[in-house]
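See structure below.
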């Protein structure tokens, strides 16, 4: 008697969806998620800003010393709460005089994915340690990726920025 | 008789570790991982390159139209395999004539975290759709984050690049 009922429940649970998508209660596909891992961290050593990669990733640094600048992709780990990841608009720089702005239109440290991007001048690369001139991140901050700064890809001309983001 | 034995197993499993860290078989802490979610995707519409955000994130675009350029952070989803995420050195651009180079010293689409970064000129922002001049990503590619291009943060002078990365 209850077999067709069970079968209906089972098909309802295993409803066909593209891989990686799950259905929310509202019937809309939920966001697909990916896993990123810490490859190292920011450290402050004798007043110097350094990125210390976990030893297992050291081979990935081969040749980095031939570039002058590196783009460091790191994680705003202090903001990793569902509440802060739900914020979509802020007053930039925490200044109420700045207009309400979308998190994708400013560099707020709260956003759905807590990815931070800092362009740094390389001072030295030795073993698994990259010393940079300065990085605006706390000691112990997890690093996710490093990309060399290539002007052909990463620089722009005729740049326009909003009033609030201009030097005062 | 077997209770102390069971207790020992349970304590071995729940050994005290800092939050987010798990112990590998070798006894070394494994990488801490974080979860990132797709906020939208790249689409090609009538020959135009557009970023279509999921509707739930549209509020995050407020004010983006006041910037000329956006940095698009996306996911190399076609390479999301343990094998490709284990690659640490490549010949850049798949060219054996280029020297073996660490993935953190080039822009290879294989790397431990499959994060891609593209600087794009904004053509228009309308509702949840950003049209850009060009983005070098496949149709359907997941987008993770958008950051406006701020010259004060994102541009560099006195830039040095290795021989293989220079225009030929």
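Residue numbers (the numbering used here), protein chains in the order written: chain P, 1 to 168; chain H, 1001 to 1168.
Glycine residues also receive a C-beta, built at the ideal position from the N, C-alpha and C atoms.
Since the model is a prediction, treat every value here as computed from it, not as a measurement.
Since residue 1143 (chain H) and residue 1074 (chain H) should fall inside the 8 Å C-beta cutoff, what is the C-beta to C-beta distance between them, to a whole number of angstroms?
Taking the first residue of the second chain as 1, we reach residue 1143 (chain H) at position 143. Taking the first residue of the second chain as 1, we reach residue 1074 (chain H) at position 74. With 8 Å as the limit, residue 1143 (chain H) and residue 1074 (chain H) qualify as a contact, their Cβ atoms being about 5 Å apart.
Below 8 Å between beta carbons is the criterion; list the residues of the region 1095 to 1110 of chain H that meet it against any residue of chain P, in chain order.
If the cut-off is 8 Å between Cβ atoms, the region 1095 to 1110 of chain H has 1099, 1100, 1101, 1102, 1103, 1104, 1105, 1106, 1107 near chain P.
Looking at the C-beta of residue 1089 (chain H), does it have a partner C-beta in chain P at a distance below 8 Å?
One-based indexing of the second chain puts residue 1089 (chain H) at position 89. Yes, its Cβ sits closer than 8 Å to a Cβ of chain P.
Against chain H, does residue 112 (chain P) count as a neighbour if the rule is that its beta carbon must be under 8 Å from one of theirs?
Locating residue 112 (chain P) in the first chain gives position 112, where the first residue counts as 1. Cβ-Cβ to chain H under 8 Å: yes for residue 112 (chain P).
Just checking: is the beta-carbon of residue 71 (chain P) within a distance shorter than 8 Å of some beta-carbon in chain H?
On the first chain, position 71 is the one that residue 71 (chain P) refers to. Judged by the 8 Å Cβ criterion, residue 71 (chain P) is in contact with chain H.
Could you tell me which residues DSSP pairs with residue 75 (chain P) in its beta bridges?
By one-based count along the first chain, residue 75 (chain P) stands at place 75. Looking at the DSSP assignment, residue 75 (chain P) forms a beta bridge with P:115.
Please confirm whether residue 156 (chain P) has its beta-carbon closer than 8 Å to some beta-carbon of chain H.
Start at 1 with the first residue of the first chain, and residue 156 (chain P) comes out as number 156. Closer than 8 Å to some Cβ of chain H, the Cβ of residue 156 (chain P) qualifies, so yes.
Contact check, residue 165 (chain P) vs residue 1061 (chain H) under 8 Å by CB: the rounded distance?
Walking along the first chain from the start, residue 165 (chain P) turns up at place 165. Walking along the second chain from the start, residue 1061 (chain H) turns up at place 61. That belief does not hold up - the Cβ atoms of residue 165 (chain P) and residue 1061 (chain H) are roughly 16 Å apart, past 8 Å.
What is the rounded straight-line gap between the Cα of residue 1053 (chain H) and the Cα of residue 47 (chain P)?
Residue 1053 (chain H) sits at position 53 when you count from the first residue of the second chain. Residue 47 (chain P) sits at position 47 when you count from the first residue of the first chain. Residue 1053 (chain H) and residue 47 (chain P) have their C-alpha atoms roughly 41 Å apart.
Note down the Cα distance separating residue 147 (chain P) from residue 83 (chain P), rounded to an integer number of angstroms.
As a first step, residue 147 (chain P) must be located in the first chain, where it is residue number 147. As a first step, residue 83 (chain P) must be located in the first chain, where it is residue number 83. Computed Cα separation, rounded: 30 Å.
Would you list the residues sitting across from residue 1130 (chain H) in a DSSP beta bridge?
Working through the second chain from its first residue, we reach residue 1130 (chain H) at position 130. Bridge partners of residue 1130 (chain H): H:1051, H:1125.
Taking only beta-carbon atoms, is residue 1145 (chain H) less than 8 Å away from chain P?
Start at 1 with the first residue of the second chain, and residue 1145 (chain H) comes out as number 145. For residue 1145 (chain H), the answer is yes, since a Cβ of chain P falls inside 8 Å of its Cβ.
Does chain P have any CB closer than 8 Å to the CB of residue 1151 (chain H)?
Here residue 1151 (chain H) corresponds to residue number 151 of the second chain, with the count starting at 1. Yes - at least one Cβ of chain P is within 8 Å of the one on residue 1151 (chain H).
7 Å Cβ shell around residue 44 (chain P) - same chain, five flanking residues per side excluded
To locate residue 44 (chain P), count along the first chain from 1; it is residue 44. Correct list, in chain order: 139.
To the nearest angstrom, report how far apart residue 156 (chain P) and residue 1092 (chain H) are at their CA atoms.
Your numbering for residue 156 (chain P) matches position 156 in the first chain. Your numbering for residue 1092 (chain H) matches position 92 in the second chain. About 23 Å.
Give the range of the alpha helix (DSSP H) segment to which residue 154 (chain P) is assigned.
Within the first chain, numbered from 1, the residue matching residue 154 (chain P) stands at position 154. Looking at the DSSP string, the run of the alpha helix (DSSP H) that includes residue 154 (chain P) is 151 to 154.
Residue 60 (chain P) by DSSP, collapsed to three states: which one?
Position 60 of the first chain holds residue 60 (chain P). In this structure, residue 60 (chain P) counts as helix in the three-state DSSP scheme.
Should residue 1137 (chain H) be labelled buried (16 or more other beta-carbon atoms within 10 Å of its own) or exposed?
Looking up residue 1137 (chain H) in the second chain gives position 137. Counting other Cβ atoms within 10 Å of its Cβ, residue 1137 (chain H) reaches 16 or more and is therefore classed as buried.
What does a CB cutoff of less than 8 Å around residue 128 (chain P) pick up in its chain, not counting 5 residues either side in sequence?
Residue mapping note: residue 128 (chain P) aligns to position 128 of the first chain, counting from 1. Within the same chain, residue 128 (chain P) has close Cβ partners 40, 52, 53, 54, 55, 57, 58, 61.
For residue 1069 (chain H) and residue 159 (chain P), believed in contact at Cβ under 8 Å, the rounded distance:
Along the first chain, one-based indexing puts residue 159 (chain P) at 159. Along the second chain, one-based indexing puts residue 1069 (chain H) at 69. About 6 Å separates the two Cβ atoms, so the contact holds.
Only counting the same chain, and skipping five residues up and downstream in sequence, which positions put a Cβ closer than 7 Å to that of residue 117 (chain P)?
Counted from its first residue, the first chain places residue 117 (chain P) at position 117. 71, 73, listed in sequence order.
Counting only Cβ pairs nearer than 7 Å, list the residues of chain H close to residue 67 (chain P).
For this step, residue 67 (chain P) is matched to residue 67 along the first chain. Those are 1105, 1160, 1161, 1162, listed as they occur along chain H.
Does residue 137 (chain P) come within less than 8 Å of chain H when only Cβ atoms are used?
In the first chain, the residue the question calls residue 137 (chain P) occupies position 137. Judged by the 8 Å Cβ criterion, residue 137 (chain P) is not in contact with chain H.
If the criterion is Cβ atoms closer than 8 Å, does the pair residue 102 (chain P) and residue 1162 (chain H) meet it?
One-based indexing of the first chain puts residue 102 (chain P) at position 102. One-based indexing of the second chain puts residue 1162 (chain H) at position 162. No, they are not a contact pair.
Counting along the chain, where does the beta strand (DSSP E) carrying residue 1040 (chain H) start and finish?
Here residue 1040 (chain H) refers to the residue found at position 40 when the second chain is read from its first residue. Run containing residue 1040 (chain H): 1040 to 1045, per the beta strand (DSSP E) assignment.
I want to see whether chain H comes within less than 8 Å of residue 34 (chain P), judged by CB atoms only; does it?
Counting from one through the first chain, the residue named residue 34 (chain P) turns up at place 34. By this cut-off, residue 34 (chain P) is an interface position.
I need the DSSP call for residue 1092 (chain H), collapsed to helix, strand or coil.
On the second chain, position 92 is the one that residue 1092 (chain H) refers to. Helix at residue 1092 (chain H).
So, are the CB atoms of residue 1037 (chain H) and residue 33 (chain P) less than 8 Å apart?
Along the second chain, one-based indexing puts residue 1037 (chain H) at 37. Along the first chain, one-based indexing puts residue 33 (chain P) at 33. It is a contact, given that the beta carbons lie within the stated cut-off.
Classification of residue 1100 (chain H) by the beta-carbon crowding that lies within 10 angstroms, buried from 16 upward
Against the second chain, residue 1100 (chain H) aligns to sequence position 100. When all chains shown are included, residue 1100 (chain H) counts as exposed.
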